[in-house]
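Asker: Can you keep this structure in mind? I'll have questions shortly.
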Amino acid sequence: FITSLVFKKFFKIKYLDINIAKRILDLYKFRLGYNTGDASEPTLYPNLFELLEYLDNRKTIYVEIFTNGSTHVKDIKYWNELSKRMPDNSNLVFTICGTTQKLHEKYRVGSKLQDILDN
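When we follow this note's numbering, the leftmost residue of the sequence shown carries the number 39, and every step to the right adds one.
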């Protein structure tokens, strides 16, 4: 529920304000936090690192981020920083949609399998 980035073709891009996200998390006693997009990529959320820092201070929340790994291509600094910012009680999952480029692109149009593997 944290990011609300959806296909530009159908919807206007909109992100949940980080302060609203924190208030929601403070108001309810969540134990599990998924950072996903409606039809998008959670690593595009502009406040992801700030959110992870906040969640790291909330030790009772288990965090999972699912990424197709196709963003921040060849940006090793980003991926290293993301790995450092992940709370101890968390899981970062790279979803790969096929073992060959042809099969992968069937589900991830325009995505390069090798970029994901590199990331």
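We put the CB at the ideal spot given by N, CA and C, even for glycine. Please read all numbers here as calculations on a predicted model, not as lab measurements.
Helix, strand or coil, according to DSSP, for GLU88 in the structure here?
Answerer: Helix at GLU88.
Asker: Quick check on the burial criterion: 16 or more other C-beta atoms within 10 angstroms. Buried or exposed for ARG61?
Answerer: Exposed is the call here.
Asker: Using the C-alpha atoms, what's the distance from PHE104 back to GLN139?
Answerer: Using only the alpha carbons, I get a separation of about 20 Å.
Asker: What's the call for LEU93, buried or exposed, on a 16-neighbour Cβ count within 10 Å?
Answerer: Buried is the call here.
Asker: Look at the alpha carbon of ILE56 and the alpha carbon of LEU89, and state the distance between them as a whole number of angstroms.
Answerer: Going by the C-alpha atoms only, they are around 7 Å apart.
Asker: Could you give the DSSP three-state label for LEU82: helix, strand or coil?
Answerer: Helix, per DSSP.
Asker: For THR81, count neighbouring Cβ atoms within 10 angstroms of its own Cβ and tell me buried if that reaches 16, exposed if not.
Answerer: Result: buried.
Asker: If contact is defined by three or more beta carbon pairs under 8 Å, each pair taking one atom from either stretch, is the stretch 120-134 in contact with the stretch 144-157?
Answerer: Taking 8 Å as the limit for Cβ pairs, the verdict is that the stretch 120-134 does touch the stretch 144-157.
Asker: At the level of alpha carbons, what is the spacing between THR41 and GLY136?
Answerer: Per-residue confidence for THR41 stands at a pLDDT of 43, beneath the threshold of 50, marking its modelled position as unreliable; the derived number appears in the next sentence. Taking the straight line from one Cα to the other gives about 25 Å.
Asker: With a Cβ-Cβ cutoff of 8 Å, do ARG96 and LEU120 count as a contact?
Answerer: No, they are not a contact pair.
Asker: What are the start and end residues of the alpha helix (DSSP H) that includes ILE154?
Answerer: Per DSSP, ILE154 belongs to the alpha helix (DSSP H) from 151-156.
Asker: For the ligand PLP, is there any heavy atom lying closer than 7 Å to the beta carbon of GLY148?
Answerer: For the structure depicted, the ligand PLP is absent and the ligand set is empty, with no information on it obtainable.
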